[in-house]
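Enquirer:
Residue numbers (my numbering): 7 to 487.
1. If we ignore side chains and look at the alpha-carbon of each, how far apart do residue 98 and residue 14 end up?
2. Give the straight-line distance between the Cα atoms of residue 376 and residue 360, rounded to the nearest whole angstrom.
3. Would residue 184 be called buried (16 or more neighbouring beta carbons within 10 Å of its own) or exposed?
4. For residue 394 and residue 401, I'd like the C-alpha separation in whole angstroms.
5. Sort out for me which residues DSSP pairs residue 90 with in a bridge.
6. State the Cα-Cα distance for the pair residue 398 and residue 27, rounded to the nearest angstrom.
7. Residue 130: which of 73, 209, 221, 210 sits nearest, CA to CA?
8. By how many angstroms is the C-alpha of residue 152 removed from the C-alpha of residue 488?
9. Kindly give me the distance between the Cβ atoms of residue 137 and residue 231, rounded to whole angstroms, as I take these residues to be in contact under 8 Å.
10. If you compare alpha carbons, which of 389, 404, 102, 408 is closest to residue 354?
11. To the nearest whole angstrom, what separates the beta carbons of residue 457 and residue 406, a pair I think is in contact under 8 Å?
12. Put residue 182 into one of helix, strand or coil per three-state DSSP.
13. Quick check: the Cα distance between residue 267 and residue 203, rounded to an integer number of angstroms?
14. In three-state terms, what does DSSP make of residue 1?
15. Tell me which same chain residues have a C-beta within less than 6 Å of the C-beta of residue 217, skipping the five on either side of it?
16. Would the segment 31-38 count as touching the segment 106-116 if we require 3 or more Cβ pairs under 8 Å?
17. Taking the C-alpha atoms as reference points, what is the distance between residue 155 and residue 124?
18. Rounding to the nearest angstrom, what Cα-Cα distance links residue 342 and residue 455 in this structure?
19. Strictly by DSSP, which residues pair up with residue 455?
20. Go ahead and label residue 427 buried or exposed: buried means 16 or more other beta carbons lie within 10 angstroms of its beta carbon, across all protein chains shown.
21. Taking the alpha carbon of residue 200 as the reference point, which residue from 243, 140, 209 has its own alpha carbon closest?
22. Do you know offhand how far residue 357's Cα is from residue 243's?
23. Taking the alpha-carbon of residue 487 as reference, which of 470, 224, 473, 410 has the nearest alpha-carbon?
24. At what residues does the beta strand (DSSP E) containing residue 24 begin and finish?
25. Touching or not, the segment 466-480 and the segment 377-389, by the rule of three or more beta carbon pairs under 8 Å?
26. Are residue 80 and residue 96 close, meaning C-beta to C-beta below 8 Å?
27. Considering just the uninterrupted stretch of the beta strand (DSSP E) at residue 154, what are its terminal residues?
28. If you run the structure through DSSP and keep just helix, strand and coil, what is residue 261?
29. Which stretch, first to last residue, makes up the alpha helix (DSSP H) that contains residue 253?
30. Is the CB-CB distance between residue 142 and residue 100 below 8 Å?
31. On a Cα-Cα basis, can you pick out the residue from 473, 444, 451, 475 that is closest to residue 465?
32. Give me whichever residues DSSP pairs with residue 100 in a beta bridge.
33. Going by the beta-carbon positions, is the gap between residue 497 and residue 77 smaller than 8 Å?
34. Among residues of its own chain, excluding the 5 on either side of residue 475, which ones have a beta-carbon nearer than 8 Å to its beta-carbon?
35. State the Cα-Cα distance for the pair residue 469 and residue 403, rounded to the nearest angstrom.
36. Would you kindly work out how many angstroms separate the C-alpha atoms of residue 195 and residue 63, rounded to a whole number?
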């Protein structure tokens, strides 16, 4: 009861929250004259040795974890038969309350919060613990807005073969449950990667990816349903960030980030890219290279026309802003892509290397025909695979080798299937990643792309829309510095 003094020291001031296993109170530590959070195991579990041991295990587990993004354990004990744990008191709401109050968070803020959580969980994993119940309700916000992970109540040691929770028992919160938890298979650190992916999806969209009438229905959707597109829900989110969330939400743990450290590193990279732009401005960065043959979820949802159009328009707007800035600075602006070859600069010999299909679905994009794209014979060509219902993925392309690192000024594409849309991307490796190096244009019989001047050895003619075709050709590509 409020006003009770636990263990002769902790006076209960306020009930902060209550779950299925315990209640949490704000309490005053009379000995040290400070506020603390006191978690008390519900009395009806006191005769259940498994629950008592799980409660004690939480205290032992978190006591090992001294990290700025993990709530600190101060004390543990038993008073009048009641099991309790004392934590630092975090003055602030949890992430669930924040999203319910504000709706979707600004992109930067969402990534900052997810990064703090990822670093906390990576630290826990390094100490042999998987949280297994990562959700916004278990992330508190300090007064300065820093996230602090709490409630390791069902955490499991990576060193034990058989923990307190048996296979086949659903543990964790349904909306954030990993497929392996839902299907009763063993958990690994990849389980927390998935749940954090769900949390980040919610921070960015204001809602969880899967809803259902009950926890079992939601759990089965985690097992079998592809998650809804983040970009369809929030188109201004950078593509790299959207793909990071998608990778975290892979059904197969082996296809997620290899570790929470890797997830944190990718979030850090996304945050760094956001740092150079307005928080809510889309910056289309090349996503991490996905394994060749991995299915892209957009294929299961239909054509992403609005998303691609939005991204292309953003690129065009960015190009216009850059051109204006150069003009103000006295620089000579480049001409946009046209149907005639750019006359300036020196020619650079290109060689066709391979197709580039990071969003592939086991279709063969004619790797063997890539040399035809730069063999000096416009009668030969590299072609995409045939798509009966449009491309249905962000893009596909052919990789060209300049032979050395060079800053190309223009790249000219000849095609006997005009009407498709493409951009040029540049990178240091034939396997990617590739960064945008031009605006997006409709390809005619002969089209020259003015490039942004990235120094790179490899260039991709990146096709984003097939137009009226089910397959398109790149007959010949030439370049100039």
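Cβ coordinates follow ideal geometry from the N, Cα and C atoms, glycine included.
Expert: Answer, in terms of the structure:
1. In a straight line, the C-alpha of residue 98 is about 27 Å away from that of residue 14.
2. If you draw a straight line from the Cα of residue 376 to the Cα of residue 360, it is about 5 Å long.
3. Looking at its Cβ environment, which holds 16 or more other Cβ atoms inside 10 Å, residue 184 is buried.
4. Those two C-alpha atoms are separated by around 15 Å.
5. Within the DSSP secondary-structure output, residue 90 pairs in a beta bridge with 46, 83.
6. Computed Cα separation, rounded: 46 Å.
7. In terms of CA proximity to residue 130, 73 leads the group 73, 209, 221, 210.
8. This structure does not reach residue 488, given that the chain is present from 7 up to 487, and the question cannot be answered.
9. The distance from the Cβ of residue 137 to that of residue 231 is about 24 Å, inconsistent with a contact at the 8 Å cut-off.
10. When each option's Cα is compared against that of residue 354, the closest is 408.
11. Wrong, their Cβ atoms sit about 13 Å apart, outside the cutoff.
12. Secondary structure of residue 182 (DSSP, three-state): helix.
13. Residue 267 and residue 203: Cα-Cα distance of roughly 14 Å.
14. Residue 1 lies beyond the stretch modelled for the chain, which goes from 7 to 487, so this question has no answer here.
15. Nothing listed; no residue qualifies.
16. No: fewer than three Cβ pairs fall under 8 Å.
17. Cα-Cα distance, rounded: 10 Å.
18. Only weak support exists for where residue 342 lies, its pLDDT of 39 falling under 50; the value from the coordinates is given anyway. Approximately 7 Å between the Cα atoms of the pair.
19. Answer is 417, bridged to residue 455.
20. With 16 or more other Cβ atoms within 10 Å, it is buried.
21. Minimum Cα-Cα distance from residue 200 among the listed residues 243, 140, 209 corresponds to 140.
22. Between the alpha carbons of residue 357 and residue 243 lies a gap of roughly 35 Å.
23. Residue 487 has its Cα closest to that of 410, out of 470, 224, 473, 410.
24. Its beta strand (DSSP E) spans residues 16-24.
25. Yes: at least three Cβ pairs fall under 8 Å.
26. In this structure, residue 80 lies away from residue 96, with their beta-carbon atoms at least 8 Å apart.
27. First-last of the beta strand (DSSP E) with residue 154: 153-155.
28. Looking at residue 261 - three-state DSSP - the assignment turns out to be helix.
29. That run of the alpha helix (DSSP H) goes 245-254.
30. Taking 8 Å as the Cβ cut-off, residue 142 and residue 100 qualify as a contacting pair.
31. Selected option, being the one with the closest Cα: 444.
32. Bridge partners of residue 100: 146.
33. One cannot answer for residue 497 here, as it falls past the ends of the chain, which runs 7 to 487.
34. Answer for residue 475: 423, 425, 426, listed in chain order.
35. Going by the C-alpha atoms only, they are around 6 Å apart.
36. For residue 195 and residue 63, the gap between their C-alpha atoms comes out near 18 Å.
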